[in-house]
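Per UniProt numbering, residue 1 is the first one in the sequence shown, and the count goes up by one each step.
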Amino acid sequence: MTRVSVCLATYDGAAWVEELLGSVLDQLGPDDEVVVVDDGSTDDTVARVEALRDPRIRLSRNETNVGSVRTFERALGLARGDLLLLADQDDVWVPGRLDAMVAALGERAVVATSVAVLGEPLEPPRWALRAADGPRRALNVALVLVGVRWYFGCAMGLRREVLEVLLPFPGFLRESHDLWLGLVGNLLGPVAHLEEPSVARRLHGSNQTPTRWRSLPTILRARWMLGRALAVAAHRARRRRAV
1 MTRVSVCLAT
11 YDGAAWVEEL
21 LGSVLDQLGP
31 DDEVVVVDDG
41 STDDTVARVE
51 ALRDPRIRLS
61 RNETNVGSVR
71 TFERALGLAR
81 GDLLLLADQD
91 DVWVPGRLDA
101 MVAALGERAV
111 VATSVAVLGE
121 PLEPPRWALR
131 AADGPRRALN
141 VALVLVGVRW
151 YFGCAMGLRR
161 EVLEVLLPFP
171 GFLRESHDLW
181 LGLVGNLLGP
191 VAHLEEPSVA
201 RRLHGSNQTP
211 TRWRSLPTIL
221 RARWMLGRAL
231 AVAAHRARRR
241 RAV
């Protein structure tokens with residue numbers, strides 16, 4: 001049986017994907033896997049992944065480019081592990097990440113960690129979570145809706161049972177699959193917050209998560225989308241408890 005599945009969406013990530021996968025595979029055991037779903041890369045991302053020739057890597061390709069949200073959704077659906085960790089193609093895992101997150105998932109259904117920036121000291125992390133805030137579920141949901149709770153998919157993991165509520169992603173979800181996971185996690189139970197960063201995020205012009213403030217209309221649309229997502233998550237969580 002597969003213990004851990006690392007879910008990775010790739011798109012034109014040839015410049016970084018080998019470094020990311022190296023930092024991931026160094027921490028995985030023989031019964032773990034990396035589920036890579038490529039979203040129609042136009043560079044040699046796929047060739048670089050295949051060249052690693054690691055049997056723990058399972059590579060799939062989207063027939064058409066569907067965007068990162070749907071690609072992560074597909075990767076989660078293909079995963080076979082009991083524990084699922086997300087990864088971004090352009091980051092680097094911090095040593096000890098796997099053990100820390102697996103231990104946290106022994107207590108909680110969803111885990112999120114602080115995030116550092118590649119090239120900067122790990123402490124203090126650029127995006128910090130406090131362990132004491134994990135049980136404050138209502139506060140965490142409110143801060144997600146406001147846009148100041150730092151849940152990054154590249155620093156999150158979940159138990160397989162969460163997929164019952166998490167999948168499928170709402171059809172209107174065009175971004176922020178990580179915040180969708182944060183909402184679901186907080187509705188199902190406390191999310192484990194790990195203060196130590198588990199990943200060093202690479203900042204560049206093609207980051208999926210914006211590195212600068214967006215326009216007010218864009219922010220308002222994102223808040224409305226997350227409000228709708230919260231309603232969907234609450235409905236699914238209630239339905240799951242009723243079964």
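Every residue, glycine too, gets a C-beta built ideally from N, C-alpha and C.
Handout entry: Candidates L78, V232 and E161: closest to G171 by CA position
Key = V232
Problem - C-beta contact flag for D54 and A14 at 8 Å - result: no
Exercise for the section: Could you tell me which of V36, V35 and E196 sits nearest to V117, measuring between CA atoms? Expected result: E196
Practice task
Going by DSSP, name the residue or residues bridged to R61.
Solution key: D38
Practice task
Check whether the region 71 to 91 touches the region 164 to 183, counting contact only when three or more Cβ pairs, one atom from each stretch, lie closer than 8 Å.
Solution key: yes
Exercise for the section: Could you say which of N62, R236 and R61 lies nearest to V162 if we only look at CA atoms? Expected result: R236
Exercise for the section: Grab me the residues of L167's own chain with a C-beta within less than 7 Å of its C-beta, minus the 5 sequence neighbours each way, in chain order. Expected result: E73, L76 and G77
Exercise for the section: Tell whether a beta-carbon distance below 8 Å holds between V191 and V111. Expected result: yes
Exercise for the section: Could you pull the start and end residues of the alpha helix (DSSP H) that H235 belongs to? Expected result: L216 to A242
Exercise for the section: Classify R241 as buried or exposed, calling it buried when 16 or more other Cβ atoms lie within 10 Å of its own Cβ. Expected result: exposed
Handout entry: alpha helix (DSSP H) segments (min. 4 residues) lying fully within the region 4 to 40
Key = 17 to 25
Practice task
Alpha carbon to alpha carbon, how far is S5 from R80? Give it in angstroms, no decimals.
Solution key: 7 Å
Practice task
Alpha carbon to alpha carbon, how far is S68 from L145? Give it in angstroms, no decimals.
Solution key: 21 Å
Practice task
Below 8 Å CB to CB, which residues in the same chain sit around G153 once its five sequence neighbours on both sides are set aside?
Solution key: F72, L86, D88, H177, D178 and L181
Problem - Check whether T10 and D39 have beta carbons under 8 Å apart - result: yes
Handout entry: Best match in D26, A104, T2 and R239 for proximity to G134 [C-alpha to C-alpha]
Key = A104
Problem - Length of the line joining the Cα atoms of L230 and W150 - result: 17 Å
Problem - Endpoints, the alpha helix (DSSP H) within which T71 is located - result: S68 to L78
Problem - Outcome for D99 when other beta-carbon atoms lying within 10 angstroms are tallied against a minimum of 16 - result: exposed
Practice task
Look at the Cβ atom of R3, then the Cβ atom of G29, and state whether they are nearer than 8 Å.
Solution key: yes
Exercise for the section: Measure the alpha-carbon distance for residue 248 versus M156 and round it to whole angstroms. Expected result: Absent from the model: residue 248. The displayed extent of the chain is 1 to 243, so no value can be given.
Exercise for the section: Take the Cβ of residue 247 as the centre, count every other Cβ of all protein chains shown within 10 Å, and call the residue buried at 16 or more, exposed below. Expected result: A query on residue 247 cannot be resolved here, the shown segment of the chain reaching from 1 to 243 and no further.
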